[in-house]
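In our numbering, the protein residues as written are 340 to 501.
Here the structure comes first, spelled out in structure tokens, and everything after it is commentary.
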């Protein structure tokens, strides 16, 4: 897979990783592909293993232990597709998981802490709400609470004329 960008532009940020793995947070957004591509490049360059976690949010009107078989099934299918892509590119995968949580950001931070990763790679889709750019809740939560480095890949601004 050809990388979308030259990771050497990050300079020393990726030169001496303190941990042996990085977490790729899949949130089911359009920017996940770019996140996976960048994480793949960084992991191969630095011989890091990838912790692959897909977070699916449980709607607030349902109990936390609600059985959501369709969401769970489609979530695992998505994870397996990304896992296959990484394996086809000879990437080392330490762990693959699906978490069902009220807040995806909280779940990602918890997984990063449990797995003791050196960094989290997460995507930020370009969304508008009420006429302004919206960050959502997951990425700000990760930025605020993660005890490791966080790399955010924001989707490019969509062409409004397309």
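Backbone N, C-alpha and C define an ideal beta-carbon position, used for all residues, glycine too.
These numbers come from a predicted model, not from an experiment.
Spatial neighbours of residue 379 within its chain, please: C-beta separation below 6 Å, excluding the five flanking residues on both sides. On the chain shown, position 40 is the one that residue 379 refers to. Taken in chain order, the residues that qualify are 428, 430.
Excluding the 5 residues preceding and the 5 following residue 351 in the sequence, name in chain order all residues of the same chain whose CB lies nearer than 8 Å to its CB. As a working note, residue 351 is residue 12 in the chain shown. The predicted position of residue 351 is uncertain, since its pLDDT is 48 and thus under 50; a value taken from the coordinates is nonetheless stated next. Cβ within range, chain order: n/a, list empty.
Between residue 370 and residue 462, is the Cβ-Cβ spacing less than 7 Å? Residue 370 sits at position 31 when you count from the first residue of the chain shown. Residue 462 sits at position 123 when you count from the first residue of the chain shown. Their beta carbons are under 7 Å apart, which means residue 370 touches residue 462 by this criterion.
Rounded to whole angstroms, what is the Cα-Cα separation between residue 367 and residue 473? Taking the chain shown and counting its residues from 1, one reaches residue 367 at position 28. Taking the chain shown and counting its residues from 1, one reaches residue 473 at position 134. Each residue's alpha carbon lies about 17 Å from the other.
Can you check DSSP and say which residues form a bridge with residue 468? If you number the chain shown from 1, residue 468 lands on position 129. According to DSSP, residue 468 bridges with 471.
Span separating the alpha-carbon of residue 444 from that of residue 481: Position 105 of the chain shown, counting from 1, holds the residue named residue 444. Position 142 of the chain shown, counting from 1, holds the residue named residue 481. Residue 444 and residue 481: Cα-Cα distance of roughly 5 Å.
From which residue to which residue does the beta strand (DSSP E) around residue 490 run? What you label residue 490 is simply residue 151 of the chain shown in a count that begins at 1. Run containing residue 490: 488-493, per the beta strand (DSSP E) assignment.
Would you give the residue range spanned by the beta strand (DSSP E) that residue 462 belongs to? Position 123 of the chain shown holds residue 462. Run containing residue 462: 458-463, per the beta strand (DSSP E) assignment.
Assuming residue 362 contacts residue 390 (C-beta within less than 8 Å), just tell me the rounded distance between them. On the chain shown, residue 362 is found 23 positions in, with the first residue counted as 1. On the chain shown, residue 390 is found 51 positions in, with the first residue counted as 1. At roughly 4 Å, the Cβ-Cβ gap stays under 8 Å, so residue 362 and residue 390 are in contact.
Whole-angstrom Cβ separation of residue 452 and residue 489, contact assumed at under 8 Å? To locate residue 452, count along the chain shown from 1; it is residue 113. To locate residue 489, count along the chain shown from 1; it is residue 150. That pair is no contact at about 13 Å.
Among 408, 456, 409, 394, nearest to residue 433 - alpha-carbon criterion: Start at 1 with the first residue of the chain shown, and residue 433 comes out as number 94. Minimum Cα distance to residue 433 is reached at 456.
Quick check: the Cα distance between residue 442 and residue 395, rounded to an integer number of angstroms? In the chain shown, residue 442 corresponds to position 103, counting from 1. In the chain shown, residue 395 corresponds to position 56, counting from 1. Taking the straight line from one Cα to the other gives about 8 Å.
I believe residue 496 touches residue 465 by the beta-carbon criterion, under 8 Å. Please report the beta-carbon distance rounded to the nearest angstrom. In the chain shown, the residue the question calls residue 496 occupies position 157. In the chain shown, the residue the question calls residue 465 occupies position 126. Their Cβ separation, rounded to whole angstroms, is 6 Å, which keeps residue 496 and residue 465 in contact under 8 Å.
Expected contact under 8 Å - CB spacing of residue 392 and residue 450 to nearest Å: Reading the chain shown from its first residue, position 53 is the one you call residue 392. Reading the chain shown from its first residue, position 111 is the one you call residue 450. With 8 Å as the limit, residue 392 and residue 450 qualify as a contact, their Cβ atoms being about 5 Å apart.
Can you tell which of 410, 424, 425, 423 has its C-alpha closest to the C-alpha of residue 438? Here residue 438 refers to the residue found at position 99 of the chain shown. Of the listed residues, the one whose Cα sits closest to residue 438 is 410.
Residue burial classification, residue 425 (beta-carbon count within 10 angstroms, cutoff 16): Locating residue 425 in the chain shown gives position 86, where the first residue counts as 1. Per the 10 Å Cβ criterion, buried.
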